[in-house]
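Student: Quick one: structure below, then a few questions.
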Ligand code: NAP
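Residue numbers (this note's numbering): 8 to 311.
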């Protein structure tokens with residue numbers, strides 16, 4: 008029996024673990040399928056306070072994990088498939104084992120959206136990707152295309168400039184959604200070619216990506232871009248499927264919470280992008296993980 012079980016190993020989950028374990032509670036983090044969450048797939052994290060010259064996402068989460076372990080957190084490499092919310096204690100069923108805990112922090116985060124166009128699935132991992140840090144290096148001196156106009160699209164696109172010879176930025180409007188700092192950097196980037204008012208309709212190739220069919224929404228004309236990589240950065244969906252019908256959530260699946268990270272079930276708390284579709288920053292997730300842990304500690308200790 009754990010005191011506090013934390014589902015998810017992103018910045019929300021790891022911050023929660025640091026606080027919970029440091030309060031001498033028996034703490035477990037279920038690492039899930041991908042250690043570190045989204046920030047672990049990000050290069051050059053420049054805005055996490057305390058790292059004045061920036062830090063790599065994988066290093067940041069590795070250090071947070073070590074910090075949590077230093078205080079006694081157990082990291083379990085299991086993926087939780089079911090949470091029985093009738094506790095406390097709460098039962099957690101993983102792929103590998105069953106667990107129970109007096110309180111739970113849900114920190115399952117969010118996953119990148121895909122377009123659902125022909126060829127996207129076929130060429131997944133063979134030129135189609137949602138992670139520049141993971142796959143950008145495969146495209147040294149090669150042309151690629153990306154879809155999206157938000158901060159993620161631009162940040163990831165700028166990372167791709169280290170490798171790709173050219174980057175087509177396909178955006179469905181004629182203005183970037185990205186904030187002014189990144190938007191300015193994007194517009195000044197020589198390797199970017201913007202295709203405004205345009206959507207990707209099909210990924211084309213034989214064994215790997217060879218092109219992307221693009222439609223201009225204003226003229227209706229289509230064109231095939233000869234590219235070897237196709238990156239999709241169009242936002243995220245929360246990883247909250249297993250909590251449907253158990254925890255209150257919005258229509259888009261973000262878990263409802265009050266200002267203290269409580270869900271509708273006493274003893275179950277939520278932090279990070281499983282409940283936040285607005286701020287979505289590593290540091291805000293870490294802050295929410297901290298708040299969730301502080302409330303979970305009080306719950307376990309019976310403090311009102
Ligand atoms: P986002 O801000 O929601 O942007 C998604 C982009 O994808 C938008 O440009 C959107 O177009 C486009 N899009 C959405 N669905 C599409 C579809 N089906 N087909 C084509 N295009 C589609 O998502 P995000 O960029 O992942 O950012 C999420 C949050 O994290 C934001 O609050 C952002 O500020 C934050 N963030 C910050 C940083 C940073 O360094 N400060 C870095 C990454 C993320 P429209 O513009 O037309 O809606």
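Ideal Cβ placement from N, Cα and C applies to all residues, glycine included.
Please work out which residues of its chain come closer than 8 angstroms, Cβ to Cβ, to residue 52, disregarding the five sequence neighbours upstream and downstream, and give them in chain order.
Tutor: If you number the chain shown from 1, residue 52 lands on position 45. Only 46, 58, 61, 62, 63, 64, 67, 289 meet the Cβ criterion.
Student: Could you spell out where the beta strand (DSSP E) holding residue 231 opens and where it closes?
Tutor: Here residue 231 corresponds to residue number 224 of the chain shown, with the count starting at 1. Where residue 231 is concerned, the enclosing beta strand (DSSP E) stretches over 229 to 232.
Student: What are the start and end residues of the alpha helix (DSSP H) that includes residue 26?
Tutor: Position 19 of the chain shown holds residue 26. That run of the alpha helix (DSSP H) goes 18 to 29.
Student: Specify, as a first and last residue, the run of the alpha helix (DSSP H) that residue 77 falls within.
Tutor: For the purposes of this step, residue 77 is taken as residue 70 along the chain shown, with counting starting at 1. Looking at the DSSP string, the run of the alpha helix (DSSP H) that includes residue 77 is 64 to 77.
Student: Which residues mark the beginning and the end of the beta strand (DSSP E) in which residue 128 is found?
Tutor: As a working mapping, residue 128 is identified with position 121 in the chain shown. Element bounds for residue 128: n/a, residue is neither H nor E.
Student: Have a look at residue 222 and residue 133 and give me their C-alpha separation to the nearest angstrom.
Tutor: Taking the first residue of the chain shown as position 1, residue 222 is located at position 215. Taking the first residue of the chain shown as position 1, residue 133 is located at position 126. Cα to Cα, the separation comes out at about 23 angstroms.
Student: What does DSSP give as the partner residues of residue 91 in its beta bridges?
Tutor: Start at 1 with the first residue of the chain shown, and residue 91 comes out as number 84. For residue 91, which the question treats as bridged, DSSP gives the partners 98.
Student: Please work out which residues of its chain come closer than 7 angstroms, Cβ to Cβ, to residue 196, disregarding the five sequence neighbours upstream and downstream, and give them in chain order.
Tutor: Against the chain shown, residue 196 aligns to sequence position 189. Contacts found: 165, 168.
Student: Taking just the CA atoms, how far does residue 86 sit from residue 158?
Tutor: By one-based count along the chain shown, residue 158 stands at place 151. By one-based count along the chain shown, residue 86 stands at place 79. Rounded to the nearest angstrom, the two C-alpha atoms are 30 angstroms apart.
Student: Run the proximity test for residue 58: is its beta-carbon closer than 7 angstroms to any non-hydrogen atom belonging to ligand 1?
Tutor: Within the chain shown, the letter at position 51 stands for residue 58. It does not: the Cβ of residue 58 is nowhere closer than 7 angstroms to a heavy atom of ligand 1.
Student: Who are the near neighbours of residue 31 in its chain, counting only those whose CB is closer than 6 angstroms to its CB and skipping five residues on each side?
Tutor: Taking the chain shown and counting its residues from 1, one reaches residue 31 at position 24. Once the five neighbours on either side are set aside, residue 31 has no close Cβ partner at all.
Student: So for residue 304, helix, strand or coil by DSSP?
Tutor: Within the chain shown, residue 304 is the residue found at index 297, counting from 1. Residue state, collapsed to three classes: helix.
Student: I'd like the span of the alpha helix (DSSP H) that includes residue 153, first residue to last.
Tutor: By one-based count along the chain shown, residue 153 stands at place 146. That residue, residue 153, is in no alpha helix (DSSP H); its beta strand (DSSP E) goes 150 to 154.
Student: Start and end of the beta strand (DSSP E) containing residue 202?
Tutor: Start at 1 with the first residue of the chain shown, and residue 202 comes out as number 195. Here the beta strand (DSSP E) through residue 202 covers 199 to 202.
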